Every structure is written in C-alpha cells, then in structure tokens.
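J.:
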Amino acid sequence: MNATTPLMETGLAVCAPLNSDNLNGGQKLAVKYFSTAMILFIAQLLFGLLAALQFIWPNFLFDTLDFSVNRMVHINAMVVWMLYGFIGAVYWFLEEESGIEIVGLKLGNIAYWVLTGAVTIVVLVYLLVQTGPGNDTTRWFINEGREYIEAPRWADIGIVAVMLVFFYNVAATFSKGRWSGISGVLTLDLVALAGLYLAGMFYSTNITVDQYWWWWVIHLWVEATWEVLVGCIMAWSLMKLIGARRQIVQTWLYIEVALMFGSGILGLGHHYFWIGTPEYWLTIGGFFSALEPIPLVAMVVHSVYDAGVHKFRSTNHPALAWIIAHTFGNFLGAGVWGFMHTLPQINLYTHGTQWSASHGHLAFFGAYATIIIAFFYLAIQRWRGGVWMGEGLQDSGWKWKWAMGLLNLGVMGMTVALLIAGYEQSFIERAVEGSTWGGYFAGQNHPWFQQAMNWRLVFGVMTFAGAILLVWDLLTIGACESREELVIEEH
Amino acid sequence: MKPSPLWASEPFWKKVAIWVTSGSFIVLITLTFHSMSEVVAGSQRVPAYSVINQKIDYRFDNTKNRFQPVIGDEQPLFGKKLSETEAEALVALGKKTTQAKNCMNCHTILGNGAYYAPDLTKAWLDPGWIDEANREAQMLTFLKDPPNHARTFGSGRRMPQLDITDEEAHGVVAFLKWMSTIDTNGFPHNFKTLTAQE
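Order-wise, the sequence lines are chains A and B.
In terms of the working numbering, the first sequence is residues 963 to 1453.
In terms of the working numbering, the second sequence is residues 308 to 505.
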C-alpha cells in the first residue's frame, strides 16, 4: 500500500490504540521515561504557580508550604524531567542508530524503577520534612540546600549509579553494534555529563570553593554538556523527520560541538565574577560567554535551512514544529537572553535579580522542554503503530497547535514580565539603593515590580493551560487515524 | 558527487571539535588549580575564619575603583575571641545550617539562589541592623523566631519558622560575618554599610 493512501478511502476506519508491540526494546523503556517526564513537567508547573502566587500573596501557604519549598520542587522537578526526557530520547533511537538490540535492557529497566523510586522519596521528604538541623545528617538524608542540586547525598549516589547503567547501555550497545558521528559525540558527552555530577558531591565550609564547584555541575551541564546532548538528539531527529542527509547533520554537529564547548567551557567564568574568585575571570568569563550564542545561531540556520530544503515535508508535523521551536527558543532564551546580562559591566547590577529568572525560564523551556516535547510526539506516533502525523491531521490538529501556541506565548510572557522586574531591580535595588535590604524591598515594593509579578502569574496560568492541552493532545492524537505515516528516505 | 571542500567536510570539523574541546578543558583545569590556591580560607581574597574576631567594613577603594571589604581592629563576635579552630567550627555550623534550612531557595548567597528575599552576601553589614551595639542580639532573635520578629520592610513577606536553635543561630551569624569579608570584586556595588555614616 502506498504510504500516503488514506485507509479511510477504502472505507476502513481503523483505530490505532497504544500498543507496545509497535516499539523496540529501547523504545519501550523510553516511553516509561517520557510518561514520567510528562508527570514531572506538570508538577514543575504546579509548584511554579504556587511560588508565583506567593510573590503576590505572601501569606498564601505560609509556614505550611513555604516559597523555599515550592521553588525547590519547581526547579528540581524541571531538572529531573529534563533528564528523564534526555534519557528517554537516547533510548528511543539507540537501537535504530546502533543497528542492534540494547545490550542491557533489563538493567535499564531496573535503573528506571530505582531512579523513579528515589525521585519519589526525595520529593516526599522535600514536602513533608522540608528542613533539618544544621548537621551532616540533614545533608545526607533530607536536603543539601544547594540550589538545583538539593537532592540529599544518598540520592546523589543513586543518581550516579543510574547514570552509569545508562552510560553502559549506550556505550556497550554502540560498541557491539555500529558507531556513527552522532553516537561518538553522544557517548563522550555522557562521560562528561556523568563525571561532572561528582563535582557537586562534597561539602565545603568555604562558600567560594563550594560555589566554584557547584557551578561546574550547573553550568557545565546546562551550558555545555546538555547543549551538546540536544545537538545529538536534534541531529538524529532531523534525519528521521525530514530525511536530512547524515553527512550534513553530522558535520553540523561537529561544528556545534566545537563552538559550544569552545565558548561554553570557559564561559563558565561568567559565574566567577562575584563569588570571591580572582579578577581574571571577569575578562575570561565575559569574553567566552559572550560567544555562547554563536553555536545557537548555527543550530537555527541548520534546522531552518534543512527543513526548507525538504520543503517542510516531514513524517511528524508537531515534532518538526517543536524542533524548530527548540532552535529558536534555544537561540533566544539561552543565547540572546544570556548574552544581554553576561558582561561583568552590566552583570554587576543584574546579578541575583529577576534577570536570571527571566533568562532561566526562556532558556530551559526553549532549549530543552521543546525538544523533549518533540520526542513525545515521535513516541506517540510509533506507539500507535506508525500513524500519519503529516499535514491534514484530524480536527486540523487544533490541539497540538493551540498547546504549542499557549506554551510558547505563556513562557515568553513570563520571560518578559520577569525581565521588566529584573530591569526595575537592577536600577532601583542595585544601582540606586546599593543592594541593602532596604534597597531590596524598595525594589520589591515598587509598582513596576508588582505589576510584573501579576503578569507573570497570568502567563504562568497560560503556560499551565498549554501543558494540560498538550497532555490531552498526546493522549488523543492519531488515536483514530487510519492513514499510515509518511516514509521519507534520506535525500 | 563532488567531495566537500575542507571548510565543509566532516573529518575536518571532527578534528576541530576534538582540539577545541580538549584545549578549552585544559585551560579550565589550569585556571581551576590557580583559582583554588587563591581562594583557600586564609588567603587575601577569602580571609581565615578567625577574621570574625575583627571589625569588618566594606568601602569604596580608590585604587581599585570598586568596593572592597575592610578588615579593622579587634571586635570579637559575641564578645569572645575564638581560635582559628573554634572559629572554623562555628562558621561550619552556620554554613551547614544555611544548607539544612534551604536559605538559598529564598535568599541569594554571593548573588546566587532565589529572589524572594534579600541577598546575604553583606547581610552582616546591612544598615537595617541600625547600630553595631544591638546587631548581634537582633540577628539572633530574628533567626530563632522569624515570623514574630518579621523584617518585611512593608512587603508582607516574612521568613518562616525554621526551628533554628540558639547554637545554630550563633553559627549562622558567624558564617554571615565571615562571608562579608570575602573580596567579591566589588559586588554589590555602592553598598552603604551600617557604619558608613561614621
């Protein structure tokens, strides 16, 4: 049968339920990671909304579920769902890319349950125990109290063990099967990604030393190894979605690696301006971090050009749309928004204000949430047995389009609201008032700041509505699709 | 098909990626060794923990053209001079307490953290404590029972009850005093300390 012939025309209305027989071993494991990622994404948004409400009504849930707890769960759920999304995406294409079955699928499944169990316990302890006495037991079992990596030490060890299993599966499967440019970069990147986590696993009383190594984890994950990881994922998905040539995507991938690591590794220095480290970091950090947007421009050019060359003909329209959203979001959120406050001459005033929150919201969403959502769509398509997801979707695909619109507009709205709050804080609290506590609150009490917080909440609700619609769409898209997916050969 | 020119060829960019990555990483490692030697507690930039025995200020430095911590005469914390070991133990208790109580998810520390409450980098020197004579007592009272000694500055935001003990509160104050002595390259700029009027 011709792949594009609608079955409907022959009078056969075939429903396509989710069926794991449609998936290979890695993909069966991947959909577990994706489902958990989606749940954690919703949790991230819910706790973000609670924190946003507390900015407007500070007594809301005071002494029950304080801002510190909500904010911690908000950012931790984000880090974890993105990791789940990345692991899922790699397991998704591992068998196709290596040409063989995953070597340790059973181990991979165990690791999934260990990780999910650990995450559940950590979150329950965050919510129910919250804090502990100022000793080592608290850091080991309740909360480490270091932003983004608050997970207690026992959980850190668990995370490292799970990452090692994941790494083993990736490296051993490629070694036994076949290597490619994508798999080579991916494997080396995972070594760095797992290794860097160790830099955050020791205690130091010296806050400068503490933050120095803490940034090794945060920055070298988010602005280096995660970026290269999504570079690999994007390279594979462009071949899959639009039939881009392997040689082209791999050449681009190497260019991106050179530019990302070339700017991002020493760009780490932009976190070393004000933590007690030597003055040369002002120059090194300023210079290299200013270069960080360049690879992100390359990704936009690459994806848009390739999609254009293939006349936007793709096997999965929602996934391609989210990939394009990823490249623009990555460039705008990580690149432009990062660049705007990265030079020390302005960072002296913007550091530690809502500026960072503005950048954080657009960058994490644009660079990472988007590409994982693209994989959710790829997964659903295959899970239903390879149904049609090109143009002319049922109901004209209004759900995915609206979900995408609401999510992007919602995050962009929050970003702009937080940016206004950040400008206001930089001027009033930092430049005029000199960052005293009185200055801080002069900034917080200003109508400009308060209006910004209101708008942030409005756009937060919009983002949440978009996410709910996304879930609904993922559960229903292609459910009663009778056409088979478009098969695109590499060209 | 024509072979790609060098600037568009896969093997060329693969080599570039490897060299650039390794080169950057080696530079980072080298700088890390140097930075670590510069920021060890007891260095010029990060004073020894026993600095809590001294009077601390933060003033504009004309030579450096930026703000800079000023370490003055003896002014022991809580009126008791501590040895280096005792001071380190007290600051460590404070540091562990700031982690255990999750301070960083409302406050910023050296400008890093959340933005719901004020930066703590120079909290020891904040003019909000009104005068030096009452500062320590005020800080302890506040830390041990924040909701009932709220310092909201009209914002309505209060610090929650975190069950900070008397001992932990002493540690936190020591940690804050020590942290205010770190040379942060002029951040925060234009900060007028408690004693700036003198």
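Each residue gets a CB set at the ideal place from its N, CA and C atoms; glycine is no exception.
Note that this is a predicted model, so its numbers are computed, not measured.
#1: For F294(B) versus K408(B), is the C-beta spacing smaller than 9 angstroms?
#2: Just confirm the distance between the C-beta atoms of A999(A) and W1043(A), as a whole number of angstroms; I'd bet it's less than 8 angstroms.
#3: Is there a C-beta anywhere in chain A that falls below 9 angstroms from the one on I359(B)?
#4: Which residues of chain B have a Cβ atom closer than 7 angstroms to the Cβ of Q1413(A), listed in chain order?
#5: Helix, strand or coil for V1087(A), going by three-state DSSP, please let me know.
#6: Taking the Cβ atom as the reference point for each residue, do I1119(A) and N419(B) lie within a distance shorter than 9 angstroms?
#7: Going along the chain, which residues of its own chain have a beta-carbon closer than 6 angstroms to the beta-carbon of I1335(A), five neighbours each way excluded?
#8: Contact between the segment 1365-1378 of chain A and the segment 1313-1329 of chain A is defined here as three or more beta-carbon pairs at a separation below 8 angstroms; is this criterion met?
#9: Whole angstroms are fine: how far does the CA of E1057(A) sit from the CA of A965(A)?
#10: What in chain B is Cβ-close to L1397(A), meaning under 7 angstroms?
#11: Nearest chain B C-beta to D1118(A) closer than 9 angstroms, yes or no?
#12: Buried or exposed for L1353(A), going by 16 or more other Cβ atoms inside 10 Å?
#13: Report the neighbours of G420(B) on chain A: residues whose CB is nearer than 8 angstroms to its CB, in chain order.
#14: Would you check if the segment 983-992 of chain A and the segment 1052-1070 of chain A touch, i.e. whether three or more CB-CB distances between them fall below 8 angstroms?
#15: Strictly below 9 angstroms CB to CB, what residues from chain B border T1304(A)?
#16: Go through its chain and collect everything with a Cβ distance to H1288(A)'s Cβ below 6 angstroms, but skip five positions before and after it.
#17: Distance, Cα to Cα, I1227(A) vs L1258(A)?
#18: Leaving aside the five residues before and after I1217(A) along the sequence, list all residues of the same chain whose C-beta is less than 8 angstroms from its C-beta, in chain order.
#19: Tell me, please, which residues DSSP counts as bridged to V1349(A).
#20: Taking the alpha-carbon positions, what's the L389(B) to G461(B) distance?
#21: Going by DSSP, name the residue or residues bridged to T415(B).
#22: Can you list, in chain order, the stretches of the alpha helix (DSSP H) that have 4 or more residues and sit fully within the segment 1260-1344 of chain A?
#23: Can you list the residues of chain B that Y1216(A) reaches, using a CB-CB cut of under 8 angstroms?
#24: Using a Cβ-Cβ cutoff of 8 angstroms, what residues of the segment 435-446 of chain B are near chain A? List them in chain order.
#25: Judging by CA-CA distance, which residue of L1148(A), L1002(A), L1369(A), G1270(A) is the nearest neighbour of F1128(A)?
#26: Does the distance from the C-beta atom of L1015(A) to that of F1024(A) stay below 9 angstroms?
#27: Taking 8 angstroms as the limit between beta carbons, can you name the residues of its chain near H496(B), skipping five residues before and five after?
#28: Between F1411(A), Q1406(A), E1063(A), T1187(A), which has its C-alpha nearest Y1330(A)'s C-alpha?
#29: What is the DSSP secondary structure of F1249(A), reduced to helix, strand or coil?
#30: To be precise: take each residue of the segment 393-410 of chain B, compare its Cβ to all Cβ atoms of chain A, and keep it if any distance is under 8 angstroms. Which residues remain?
#31: DSSP state of G1224(A), grouped into three classes?
#32: Could you give the DSSP three-state label for I1072(A): helix, strand or coil?
#33: Using a Cβ-Cβ cut-off of 9 angstroms, state whether M1196(A) counts as contacting chain B.
#34: Within 9 angstroms of any Cβ in chain A, is that where the Cβ of P467(B) sits?
#35: Of all Cβ atoms in chain A, is any one closer than 9 angstroms to the Cβ of T472(B)?
#36: Ignore the nearest five residues each way along the sequence and tell me which others in E443(B)'s own chain have a CB closer than 8 angstroms to its CB.
T.: Once the coordinates are examined:
#1: Missing from the structure shown is residue 294(B); chain B here goes from 308 to 505 and no further.
#2: As a first step, residue 999(A) must be located in the first sequence, where it is residue number 37. As a first step, residue 1043(A) must be located in the first sequence, where it is residue number 81. About 4 angstroms separates the two Cβ atoms, so the contact holds.
#3: Residue mapping note: residue 359(B) aligns to position 52 of the second sequence, counting from 1. So no, I359(B) is outside the interface.
#4: Along the first sequence, read from residue 1 onward, the residue named residue 1413(A) stands at position 451. Within 7 angstroms Cβ-Cβ: nothing; Q1413(A) doesn't reach chain B, min ~15 angstroms.
#5: What you label residue 1087(A) is simply residue 125 of the first sequence in a count that begins at 1. It is helical.
#6: Walking along the first sequence from the start, residue 1119(A) turns up at place 157. Walking along the second sequence from the start, residue 419(B) turns up at place 112. Their beta carbons are not under 9 angstroms apart, which means I1119(A) does not touch N419(B) by this criterion.
#7: Numbered from 1 along the first sequence, position 373 holds the residue referred to as residue 1335(A). W1284, listed in sequence order.
#8: yes
#9: Taking the first sequence and counting its residues from 1, one reaches residue 965(A) at position 3. Taking the first sequence and counting its residues from 1, one reaches residue 1057(A) at position 95. Annotation note: pLDDT 43 at A965(A) (below 50); position unreliable, no value reported.
#10: Sequence index remark: in the first sequence, residue 1397(A) carries index 435 (1-based). Per the sequence presented here, residue 1397(A) reads as Ser, with Leu not at that position. The answer, in chain order, is D426, P495, F498.
#11: On the first sequence, residue 1118(A) is found 156 positions in, with the first residue counted as 1. Answer no: the Cβ-Cβ gap between D1118(A) and chain B never drops below 9 angstroms.
#12: Sequence index remark: in the first sequence, residue 1353(A) carries index 391 (1-based). The question names Leu, but residue 1353(A) in the sequence shown is Glu. E1353(A) should be labelled exposed.
#13: The count along the second sequence starts at 1 and reaches residue 420(B) at position 113. The answer, in chain order, is E1109, G1314.
#14: yes
#15: Mapped onto the first sequence, residue 1304(A) falls at position 342. Neighbours of T1304(A) on chain B: none; closest Cβ ~14 angstroms, over 9 angstroms.
#16: Taking the first residue of the first sequence as 1, we reach residue 1288(A) at position 326. T1332, I1333, listed in sequence order.
#17: The count along the first sequence starts at 1 and reaches residue 1227(A) at position 265. The count along the first sequence starts at 1 and reaches residue 1258(A) at position 296. Spanning the two alpha carbons is a distance of roughly 15 angstroms.
#18: For the purposes of this step, residue 1217(A) is taken as the residue at position 255 of the first sequence. Excluding residues within five positions, the ones whose Cβ falls inside 8 angstroms are P1257, A1260.
#19: Here residue 1349(A) refers to the residue found at position 387 when the first sequence is read from its first residue. E1446(A), per the DSSP bridge assignment.
#20: As a first step, residue 389(B) is located in the second sequence; it is residue number 82 there, counting from the start. As a first step, residue 461(B) is located in the second sequence; it is residue number 154 there, counting from the start. Roughly 38 angstroms between the two C-alpha positions.
#21: If you number the second sequence from 1, residue 415(B) lands on position 108. DSSP, once it has assigned bridges, lists G420(B), D426(B) as partnering T415(B).
#22: 1279-1291, 1299-1302, 1306-1312, 1316-1325
#23: If you number the first sequence from 1, residue 1216(A) lands on position 254. Here the neighbours are E317, W320, K321, V323, A324.
#24: G435
#25: Locating residue 1128(A) in the first sequence gives position 166, counting from the first residue. Of the candidates L1148(A), L1002(A), L1369(A), G1270(A), the one whose C-alpha sits nearest the C-alpha of F1128(A) is L1148(A).
#26: Walking along the first sequence from the start, residue 1015(A) turns up at place 53. Walking along the first sequence from the start, residue 1024(A) turns up at place 62. Going by C-beta atoms, L1015(A) is not nearer than 9 angstroms to F1024(A).
#27: For the purposes of this step, residue 496(B) is identified with residue 189 of the second sequence, where counting begins at 1. So the qualifying residues of the chain are R373, F374.
#28: Translated into the one-based positions of the first sequence, residue 1330(A) becomes position 368. That would be T1187(A), whose Cα lies nearest to the Cα of Y1330(A).
#29: In the first sequence, the residue the question calls residue 1249(A) occupies position 287. Residue state, collapsed to three classes: helix.
#30: E395, V398, A399, L400, G401, K402, K403, T404, T405, Q406, A407, K408, N409, C410
#31: The residue you call residue 1224(A) lines up with position 262 of the first sequence. Helix.
#32: Locating residue 1072(A) in the first sequence gives position 110, where the first residue counts as 1. In the structure shown, I1072(A) sits in a helix (DSSP, three-state: H, G or I).
#33: Taking the first sequence and counting its residues from 1, one reaches residue 1196(A) at position 234. No - not a single Cβ of chain B is within 9 angstroms of the one on M1196(A).
#34: By one-based count along the second sequence, residue 467(B) stands at place 160. Judged by the 9 angstroms Cβ criterion, P467(B) is in contact with chain A.
#35: The residue you call residue 472(B) lines up with position 165 of the second sequence. Interface residue, yes.
#36: Your numbering for residue 443(B) matches position 136 in the second sequence. Contacts found: L384, F385, V480.
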